[in-house]
Amino acid sequence: MLSAAVCEEWLLGSLFGHPDFLTLLENEGISENDFVTDWGKKMFSVISATAKTSQILDLFSLGDKITSEEMGRLASVITRDGSFVNTREQFLELVASLRSEKNKQAMSGENLKQMDDAELSALIEKLKADKK
Numbered sequence: 000m001l002s003a004a005v006c007e008e009w010l011l012g013s014l015f016g017h018p019d020f021l022t023l024l025e026n027e028g029i030s031e032n033d034f035v036t037d038w039g040k041k042m043f044s045v046i047s048a049t050a051k052t053s054q055i056l057d058l059f060s061l062g063d064k065i066t067s068e069e070m071g072r073l074a075s076v077i078t079r080d081g082s083f084v085n086t087r088e089q090f091l092e093l094v095a096s097l098r099s100e101k102n103k104q105a106m107s108g109e110n111l112k113q114m115d116d117a118e119l120s121a122l123i124e125k126l127k128a129d130k131k
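Numbering that gives the first Met the number 0 applies: residue 0 is where the sequence shown begins, and numbers increase by one.
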């Protein structure tokens, strides 16, 4: 199974090749909160907002919204061979992998020890929903 950070990169790279996959993420209930890295959260937020308001999704359309370091990393992700998927089925597999990895992180002993009863209940409900 791919790590959560790799899943994030593949999902984001795939959105550049297939902006229509954003609808799949929305249908799956994926938001920036489902990403595990700060970079992934920011890139998802910027890419999805740009895709919704612009007819063209490219690096130039993101230029004033991200730093040059973020731009460089994103450019590396979208130009790397094999760093994105081409079918809806493959994309949904990445979504499932990201969720699974995120849930594993949430279930780590340290995280569980720090949660109060309400947070634990919310986590259990989220895990139930993700299993459906």
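Idealized CB from N, CA, C, for every residue including glycine.
For the pair G12 and V76, the CB atoms are nearer than the 9 angstroms cut-off. Exclusion of the five residues before and after C6 leaves L93, S96, L97 as the residues of its chain whose Cβ lies within less than 6 angstroms of its Cβ. Taking the Cβ atoms as the reference, A3 lies roughly 19 angstroms from L21, outside the contact range of under 8 angstroms. Residue burial annotation: D37 is exposed, with fewer than 16 other C-beta atoms found within 10 angstroms of its C-beta. From the listed residues F34, S30, E25, L24, the smallest Cα separation to E8 is found for F34. Counted as a single uninterrupted DSSP element, the alpha helix (DSSP H) harbouring G71 occupies residues 67 to 78. Here S60 carries a helix assignment [DSSP, helix/strand/coil]. Beyond the five residues adjoining it in sequence on each side, N32 comes within less than 7 angstroms, by CB distance, of no other residue in the same chain. If the five residues before and after M70 are omitted, its C-beta is found closer than 8 angstroms to the C-beta atoms of L58, L61, G62, all from its own chain and listed in chain order. Within the same chain, and ignoring the five residues on either side of G16 in sequence, the residues whose Cβ sits closer than 6 angstroms to its Cβ are F83.
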